[in-house]
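Comments concern the structure below.
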Amino acid sequence: MNHYEKGRHTPDFSIIKLLADELKVPAYYFFCDSDEEAERALRLYALSDEQLEIIDKMLLEFTQK
Numbered sequence: 058m059n060h061y062e063k064g065r066h067t068p069d070f071s072i073i074k075l076l077a078d079e080l081k082v083p084a085y086y087f088f089c090d091s092d093e094e095a096e097r098a099l100r101l102y103a104l105s106d107e108q109l110e111i112i113d114k115m116l117l118e119f120t121q122k
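Structure below.
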């Protein structure tokens, strides 16, 4: 783990996925650039499929303007 933290090695995505599953976070959590982005990722990860569909529709509306 220390080598990953210091940038000496890059973990294979399968390792990232295993860590994410163990910690119950999405794999993309490890790639967030800020604490705010990481918190947003965790909030999205906790949503149901139906809630995610609503959010997706809202995002489409915002980006099509």
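Residues in the sequence shown are numbered consecutively from 58, following my numbering.
Backbone N, C-alpha and C define an ideal beta-carbon position, used for all residues, glycine too.
Being a predicted model, the structure only gives us computed values, none of them experimental.
Query, Result
"With a Cβ-Cβ cutoff of 7 Å, do ALA98 and CYS89 count as a contact?", "yes"
"Return the Cβ separation of ILE72 and ALA84 in integer angstroms, given the expectation that the two are a contact with Cβ distance under 8 Å.", "Wrong, their Cβ atoms sit about 10 Å apart, outside the cutoff."
"Identify whether LYS114 lies in helix, strand or coil by the three-state DSSP scheme.", "helix"
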